[in-house]
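Protein chains in written order, with the numbering used here: chain Y, 893 to 1228; chain Z, 893 to 1228; chain S, 893 to 1228. We put the beta carbon where it would ideally sit given N, CA and C, even for glycine. Take a look at the structure below.
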Amino acid sequence: MRNLTIATLGSHSALQILKGAKDEGFKNLVICTPERLSLYRSYDNFIDEVIEIDSWKNFPKLEKELVKKNCIIIPHGSFVAYLGLEENKKMKVPYFGNKQVLDWEEDRKMQRYWMEEAKIKVPRQFKKGDKINRPVIVKSYGAAGGKGYFMARNQKEFDKKIQTYTAKRFMVQEYIIGVPIYFHFFFSPLTNKMEFMSVDKRYETNVDSLGRIPALSQRGLKIEPTFEVVGNIPLTVRESMLAEVMNMSDRVVTVSQKLMPPKGLFGPFCLEAIITSSEEIYVIEISARIVAGTNCFINGSPYTYLLYDEPMSTGRRIAREIKLAIQKNKLNSILD
Amino acid sequence: MRNLTIATLGSHSALQILKGAKDEGFKNLVICTPERLSLYRSYDNFIDEVIEIDSWKNFPKLEKELVKKNCIIIPHGSFVAYLGLEENKKMKVPYFGNKQVLDWEEDRKMQRYWMEEAKIKVPRQFKKGDKINRPVIVKSYGAAGGKGYFMARNQKEFDKKIQTYTAKRFMVQEYIIGVPIYFHFFFSPLTNKMEFMSVDKRYETNVDSLGRIPALSQRGLKIEPTFEVVGNIPLTVRESMLAEVMNMSDRVVTVSQKLMPPKGLFGPFCLEAIITSSEEIYVIEISARIVAGTNCFINGSPYTYLLYDEPMSTGRRIAREIKLAIQKNKLNSILD
Amino acid sequence: MRNLTIATLGSHSALQILKGAKDEGFKNLVICTPERLSLYRSYDNFIDEVIEIDSWKNFPKLEKELVKKNCIIIPHGSFVAYLGLEENKKMKVPYFGNKQVLDWEEDRKMQRYWMEEAKIKVPRQFKKGDKINRPVIVKSYGAAGGKGYFMARNQKEFDKKIQTYTAKRFMVQEYIIGVPIYFHFFFSPLTNKMEFMSVDKRYETNVDSLGRIPALSQRGLKIEPTFEVVGNIPLTVRESMLAEVMNMSDRVVTVSQKLMPPKGLFGPFCLEAIITSSEEIYVIEISARIVAGTNCFINGSPYTYLLYDEPMSTGRRIAREIKLAIQKNKLNSILD
Chain Y
893 MRNLTIATLG SHSALQILKG AKDEGFKNLV ICTPERLSLY RSYDNFIDEV IEIDSWKNFP
953 KLEKELVKKN CIIIPHGSFV AYLGLEENKK MKVPYFGNKQ VLDWEEDRKM QRYWMEEAKI
1013 KVPRQFKKGD KINRPVIVKS YGAAGGKGYF MARNQKEFDK KIQTYTAKRF MVQEYIIGVP
1073 IYFHFFFSPL TNKMEFMSVD KRYETNVDSL GRIPALSQRG LKIEPTFEVV GNIPLTVRES
1133 MLAEVMNMSD RVVTVSQKLM PPKGLFGPFC LEAIITSSEE IYVIEISARI VAGTNCFING
1193 SPYTYLLYDE PMSTGRRIAR EIKLAIQKNK LNSILD
Chain Z
893 MRNLTIATLG SHSALQILKG AKDEGFKNLV ICTPERLSLY RSYDNFIDEV IEIDSWKNFP
953 KLEKELVKKN CIIIPHGSFV AYLGLEENKK MKVPYFGNKQ VLDWEEDRKM QRYWMEEAKI
1013 KVPRQFKKGD KINRPVIVKS YGAAGGKGYF MARNQKEFDK KIQTYTAKRF MVQEYIIGVP
1073 IYFHFFFSPL TNKMEFMSVD KRYETNVDSL GRIPALSQRG LKIEPTFEVV GNIPLTVRES
1133 MLAEVMNMSD RVVTVSQKLM PPKGLFGPFC LEAIITSSEE IYVIEISARI VAGTNCFING
1193 SPYTYLLYDE PMSTGRRIAR EIKLAIQKNK LNSILD
Chain S
893 MRNLTIATLG SHSALQILKG AKDEGFKNLV ICTPERLSLY RSYDNFIDEV IEIDSWKNFP
953 KLEKELVKKN CIIIPHGSFV AYLGLEENKK MKVPYFGNKQ VLDWEEDRKM QRYWMEEAKI
1013 KVPRQFKKGD KINRPVIVKS YGAAGGKGYF MARNQKEFDK KIQTYTAKRF MVQEYIIGVP
1073 IYFHFFFSPL TNKMEFMSVD KRYETNVDSL GRIPALSQRG LKIEPTFEVV GNIPLTVRES
1133 MLAEVMNMSD RVVTVSQKLM PPKGLFGPFC LEAIITSSEE IYVIEISARI VAGTNCFING
1193 SPYTYLLYDE PMSTGRRIAR EIKLAIQKNK LNSILD
């Protein structure tokens, strides 16, 4: 264990991942662009090494060094945005997770198939040419942090807004009326156990500012709602909903073992749901890795406190899984 | 103490209650319906026994076993919904709390009298035939989790909506414009001290989704607000408001000792308030037992940290009260 | 250290400050008005002394006693409201912070100059006679807790509302469409390090209730939005935004050392920001002392957990700075 270094890219949930690695006894390092050097260097109480990179395009050149340093890379939500999907798949540094999952996560059609196979309710999806007969939300593929989403109430509004839309690949999804809620899980292939980690909701600009503007004033302002994520708010969920949500997460993992065999999905993931007024749970997206909402719980969540005596973040849980794999001599089963 | 088992029903805040019991050194058990077996069994790190029940109707048959096991039942917000008010009162297993409180909590008129006697501001209530001259919220009796509530701006809207309303017993309450906030207390009859535990607000579908939809779009969608609770969000409250809120809670307990003599209300309870723009505090409801909002603080709250060196949840605080009662040989004073 | 007593006024974040003082090994005392005596006395597990004061006007008479008791006063957001700006500046009891900052914080024009010098984006400000060509928010000077704010969409609405406005000194600020977010920092002049402590958003009545009322119903109710702060909600922020926010806070401190020489701003402060949909960060206000939003984190925040092994509140961090100053024999450098 002393020879291994937990490494990640400087963004998203890197602080949590690196702190967790240190708490579990690993060396760690972070790779970041120049403008973030001072941020990550200021946490020298738990970050061992900060490697500067001029541009993410140069990441492949770094790989040899990372391999030499016995790094294990922990992916997070900025990996695809920074490196691209193909670069992630080609990465030679040992990678925590199953890379087959990347394709299933990125392609919205494949993701949808995965959810449907797992008997998860998903919003209706509109294909090209379908008549838009209800409110929809239009999401670009691989969009990071809600950027480039828009809402349309009907065909007319859709037709108008799509004219100035710049995304090449996008999805038209039924807009479910209900509250968003993000469920964080950790599935351990070593213990074969699903752990409920935490819950959050996103804090999005400007859509979360609308409610503070009186309806009358909104009329004058003609504000178009946008969905850029700026932060996260901690939540807990009704305990009577937990059993159902845990079952859903089990099915998602079970199906993944068929679709992305043999390992399937493991480690941290998130079901991003809308709960309707009839308490139906629609999953609008799955994030098959650590999500930024877990940053609310770097010092532990109400739910991880049920499972662990120490403050257990999702980042730390990853490091612990790696530690456990070393102890069981099963490191290969969790790396790709 | 070793002979006692803390028991509860599998829902609401059971995980918190059971974890708290274990942390205080008690054995514990949970009774749950089949679809939740796997949830509660998965927490075998702190739950000693999971008893399956086919239907809550069969609960009375279980009682003999629970008595034999020296159980103390900890009630929570699902008890009346699952077992019915009468079954709660008839329960033969030792019960944490004062069962007289159940009637005062369930009947909205009695609850209102209690609050008024305690000099608590309450929203105006409309009796049958009263002219509805302001916005109102209509709440069914004993409604769990906000189900079956509706809003009406005026007599006309009320008349229209009431035609399709199915609740038999309901209350028409003035809709107070202001923000909801839920104050959690614990009153210990053993130390005679009121403890301020935590604060939350509810996360309700679909009413908390409205603000994210532009006023203009809402018009097209004709969404009727509903109030189903799906989760809770942690809060803190202005410190300058704390003194007033603590005084309110003291009065509520003092009055309860007259209305439900001699023990009155003790243990955990919640004042559910609306704070107006003139900073008046209206209590819209009292929950005379542990509330689900305390689930935000299973690992302790900012306020319990002021009182305890350990992470003190409301569930754990209940177990500690029982422990204290055993030590003082006063178990009877907190059981019914 | 044993001779020193940490003292503050009974309001705002006093509980946090006093608990932090105790946790760091100091004696402490709180001065409060009669109606709050029972609140602060009930925390006798960590508050050593509660001094009653009939009226804040009599505070100067208390000063001799406080000096004799070797008190260090920790200011918070109620100091100017309770004692007045001049009384704060004249205070003879050793005071944690740089009193020069008080003028720069209170005067909105000076505050604006400070922010602009630090290259911080600020909303456009309208001078008397300026044509109001966009939505504005009108804020009274020194307004505590959002009281006396109002919104106007345009010149016409402004002209109408200003007629009944009672504040003598006020500011007309562009209303930035975006989400509010409050960043809490601690700058240590002893270690020369900026620490990111936590993030919150305010919970304001009645403006945060608007979103729960359907647009159609709002029309009938004619609700005027008000901004009284009743509480705070914990947040975390996108990690990719942290670097920028940390740079902003560094610049604010650097500039302050020129404007309020030589010490400038140190200790706890808060940048109160609006994040727009293009992810621009506007600072609408700086609070140059501990803010009430830190009360969400009396038991530590996700961010302080990155820096400290113990639950580190902002209040405790202040006490630790004083302890560090004593150890370094530099107490004078942090007192005024």
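Straight-line Cα distance separating residue j from residue i
i                : j                : result
L907 of chain Z  : E916 of chain Z  : 14 angstroms
D999 of chain Y  : W1006 of chain Y : 11 angstroms
N1084 of chain S : E1136 of chain S : 19 angstroms
N937 of chain Y  : K953 of chain Z  : 59 angstroms
T900 of chain Y  : T1058 of chain Z : 56 angstroms
P986 of chain Y  : F1075 of chain S : 37 angstroms
F951 of chain Z  : D1100 of chain Z : 36 angstroms
N1224 of chain Y : K956 of chain Y  : 20 angstroms
T1056 of chain Z : F1119 of chain Z : 17 angstroms
Y1033 of chain Y : M1133 of chain S : 23 angstroms
Three-state secondary structure (DSSP) of residue i
i                : result
V1014 of chain Y : coil
F938 of chain Y  : coil
G1038 of chain S : coil
I909 of chain S  : helix
I1125 of chain S : strand
I1029 of chain Z : strand
E1131 of chain Y : helix
Y974 of chain Y  : helix
E1171 of chain Z : coil
P1237 of chain Z : As shown, chain Z starts at 893 and ends at 1228. That puts residue 1237 of chain Z outside it, with no answer to give.
P926 of chain Z  : helix
I1182 of chain S : strand
A1059 of chain S : coil
Short CB-CB distance (under 8 angstroms) between residue i and chain S
i                : result
I1024 of chain Z : no
L1198 of chain Z : yes
L931 of chain Y  : yes
I1073 of chain Z : yes
G917 of chain Y  : no
C-beta neighbour in chain Y for residue i, strict 8 angstroms
i                : result
E927 of chain Z  : yes
T1058 of chain Z : no
E1171 of chain S : yes
V1183 of chain S : no
Neighbour flag for residue i against chain Z, beta carbons, 8 angstroms
i                : result
L1157 of chain Y : no
I1069 of chain Y : yes
C1162 of chain S : no
E1177 of chain Y : no
S1205 of chain Y : no
T1097 of chain Y : no
H904 of chain S  : yes
G912 of chain Y  : no
T1168 of chain Y : yes
Query raised in the report: Counting Cβ pairs closer than 8 angstroms, one from the region 1122-1133 of chain Z and one from the region 1088-1099 of chain Z, do we hit at least three?
Result: yes
Query raised in the report: Can at least three beta-carbon pairs, one atom from the region 1021-1028 of chain Z and one from the region 1064-1077 of chain Z, be found at a separation below 8 angstroms?
Result: yes
Requested in this report: Evaluate the contact criterion for the region 952-971 of chain Z versus the region 925-935 of chain Z: three or more CB pairs, one atom per stretch, below 8 angstroms.
Outcome: no
Query raised in the report: Does the count of Cβ pairs from the region 1108-1120 of chain Y and the region 1039-1046 of chain S closer than 8 angstroms reach three?
Result: yes
Query raised in the report: Counting pairs of beta carbons, one from the region 1004-1024 of chain Z and one from the region 1174-1182 of chain Z, are three or more of them closer than 8 angstroms?
Result: yes
Report task. Mind checking the region 1122-1144 of chain Z against chain S and listing, in chain order, the residues whose C-beta falls within less than 9 angstroms of any C-beta there? Result -> I1125, P1126, L1127, T1128, V1129, R1130, E1131, S1132, M1133, L1134, A1135, E1136, M1138, N1139, D1142
Query raised in the report: Any residues in the region 1031-1051 of chain S with a beta carbon nearer than 8 angstroms to a beta carbon of chain Y? Which ones, in chain order?
Result: M1043, R1045, N1046
Query raised in the report: What residues in the region 1105-1124 of chain S bring their beta carbon closer than 7 angstroms to a beta carbon of chain Y?
Result: A1107, Q1110, R1111, I1115, P1117
Query raised in the report: Just checking, does the region 1208-1215 of chain Y make contact with the region 893-907 of chain Y on the three C-beta pairs under 8 angstroms criterion?
Result: yes
Query raised in the report: Should the region 1135-1152 of chain S be regarded as contacting the region 1193-1209 of chain Y, the criterion being three or more beta carbon pairs within less than 8 angstroms?
Result: no
Requested in this report: Evaluate contact between the region 1148-1159 of chain S and the region 986-993 of chain S, counting only Cβ atoms and requiring at least three cross-stretch pairs below 8 angstroms.
Outcome: yes
Query - Under 8 angstroms (Cβ pairs) to chain Y, residues found in the region 937-948 of chain Z - result: N937, F938
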